[in-house]
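Quick note: the sequence shown, position 84, residue 89 per the working numbering, numbers continuous.
Let me begin by presenting the structure, written as structure tokens, before commenting on it.
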Amino acid sequence: MGMIVRKNYPQLGEVKAPYVHSVRHGNTLYISGLTAFGTAAQRSGIAGQAEEIFSQIGKIASAEGTDFSALIKVTLFITSFEEIDELREVLYRHYGASLPASSLVEVSRLFSPDLKIEIETVFGL
């Protein structure tokens, strides 16, 4: 079995729950579900929250020596499809020509009532 590295990133804030921001196993980077909680975007619409989350994901990817062109899989948890067009604009902008495999799931709520989206990702390294 390859080495497993569990890691938090100070620039994303302190984790106050039983998880880490990412786990690297071999040539794969798994990033935990991230939200806009505790940021200026927390009370914004789904597009604003998604932009904040992609900024966080980008910081992790950069720290690990990769970028969105290596994004393999994304899972998005949203609380409503009402703003799906705005969300898709954000997704296309960040994915560029490197579209990942994707799952989009509507959930009844996330851990804070003003959160509209949580995104988890998997990168190839």
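Here a beta-carbon is modelled for each residue, glycine too, at the ideal position from N, C-alpha and C.
query                                                                                             : result
Contact belief for Val95 with Glu56 at Cβ below 8 Å, rounded distance in angstroms                : 6 Å
Proximity of Ala41 and Leu120 at Cβ, strictly below 9 Å                                           : yes
Contacting residues, own chain, Cβ-Cβ under 6 Å from Ser107 (five flanking each side not counted) : Val79
Integer Cβ distance of Leu130 from Ala75, believed to fall under 8 Å                              : 7 Å
4 or more residues per run - each alpha helix (DSSP H) lying fully within the stretch 68-127      : 89-100
Buried versus exposed, by CB contacts within 10 Å (16 or more), Ala45                             : exposed
Leu17 and His26 closer than 9 Å at C-beta                                                         : yes
Within 9 Å, strictly: CB atoms of Ile122 and Ile36                                                : no
Given Ser85 as reference, the closest of Tyr14, Ala68, Gly43, Pro118 once Cα atoms are compared   : Pro118
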